[in-house]
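FYI, the numbering for the sequence shown is 73 to 252, going by this note's numbering. Virtual Cβ for every residue (Gly too), placed ideally from N, Cα, C. All remarks here apply to the structure that follows.
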Amino acid sequence: MKGDRLKWVYNILFHNAESESVIYHNKDPLLGFVLLPDMKWDNVNLDTLYLCAIVNRTDISSIRDLDETHIEFLIGIQRMIKKVVREKYEMSGDQVRVFVHYQPSYYHFHIHVVNIHHPGLGDGIAIGKAILMDDLIENLKLNGKFYRERTIGYVIGENHGLWKEQGFRNAHYNNEEEDY
Numbered sequence: 073m074k075g076d077r078l079k080w081v082y083n084i085l086f087h088n089a090e091s092e093s094v095i096y097h098n099k100d101p102l103l104g105f106v107l108l109p110d111m112k113w114d115n116v117n118l119d120t121l122y123l124c125a126i127v128n129r130t131d132i133s134s135i136r137d138l139d140e141t142h143i144e145f146l147i148g149i150q151r152m153i154k155k156v157v158r159e160k161y162e163m164s165g166d167q168v169r170v171f172v173h174y175q176p177s178y179y180h181f182h183i184h185v186v187n188i189h190h191p192g193l194g195d196g197i198a199i200g201k202a203i204l205m206d207d208l209i210e211n212l213k214l215n216g217k218f219y220r221e222r223t224i225g226y227v228i229g230e231n232h233g234l235w236k237e238q239g240f241r242n243a244h245y246n247n248e249e250e251d252y
């Protein structure tokens, strides 16, 4: 599955797949990204707006790869996302929630953009899954190696690939039995 998801990402970024869906694409290899509707959005109801920004860079798989050298890159992407949303959907920047997932659903850095009034996001924006871009940037400003050094708790479901791995599942059960 991992290979299929990355193939899908690379087809969008480098081979113009789903070009009819693309809202914005800056093709700069270091600063660029593609913004497109997420499969969770019907492309009609702005209350349920859900977009995904996939960066062109191939050297960032998840927040674990980020450090102080990426701060301006992240600020620039967030600004451009909010500008595009404002121009295309007539929504101000404070009407969208911009965040990343840890653990991500695929290991190529991507950013979620969602209307703050979205009625049913479930676990996608829950603590233990979503990290707001503003927090991500501020944490890197405080400590440039924040996400490389920090232990990060996260929530996964029983269908997640990590959960299915025997060692991971056993470690979870062993922690439940510890006496704090």
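In the same chain as His190, and ignoring 5 residues on each side of it, the C-beta atoms closer than 6 Å to its own belong to Thr120, in chain order. Contact check for Leu204 against Val170 passes: the beta carbons are separated by less than 8 Å. Selection Ser93, Asp110, Ile135 evaluated against Lys217 yields Ile135 as nearest (Cα-Cα). Beta-bridge annotation (DSSP): Ala89 is not paired with any residue. Cβ-Cβ distances below 7 Å link Ile126 to Val81, Ile84, Leu85, Phe105, Val106, His180, His182 in the same chain, with the five nearest sequence neighbours on each side left out; the list follows chain order. CA-CA distance, Leu118 to Thr130, rounds to 31 Å. Runs of the alpha helix (DSSP H) lying entirely within the segment 208 to 235 and spanning at least 4 residues, in chain order: 218 to 221.
Across the set Ile224, Lys79, Ser177, the C-alpha of Ser177 shows the shortest separation from the C-alpha of Gly233. The C-beta separation of Ile143 from Ile209 comes to about 6 Å, placing the pair in contact by the 8 Å criterion. Contiguous alpha helix (DSSP H) elements confined to the segment 137 to 201 occur at 143 to 161, taking only those with 4 or more residues. Where Pro109 is concerned, the enclosing beta strand (DSSP E) starts and stops at 105 to 109. Taking the Cα positions, Glu159 is about 28 Å away from Ile132. The beta-carbon distance between Val168 and Ile188, rounded to whole angstroms, is 7 Å. This is short enough to meet the 8 Å contact definition. CA-to-CA, the gap between Pro109 and Thr223 works out to about 32 Å. For Ile203, the beta-bridge partners assigned by DSSP are Val172.
Relative to Asn128, the option among Tyr219, Asn211, Phe145 whose CA is nearest is Phe145. Your pair His184 and Lys201 does not check out as a contact, with CB atoms roughly 10 Å apart and the cut at 8 Å. Straight across, the Cα-Cα distance linking Asp139 with Leu212 is about 6 Å.
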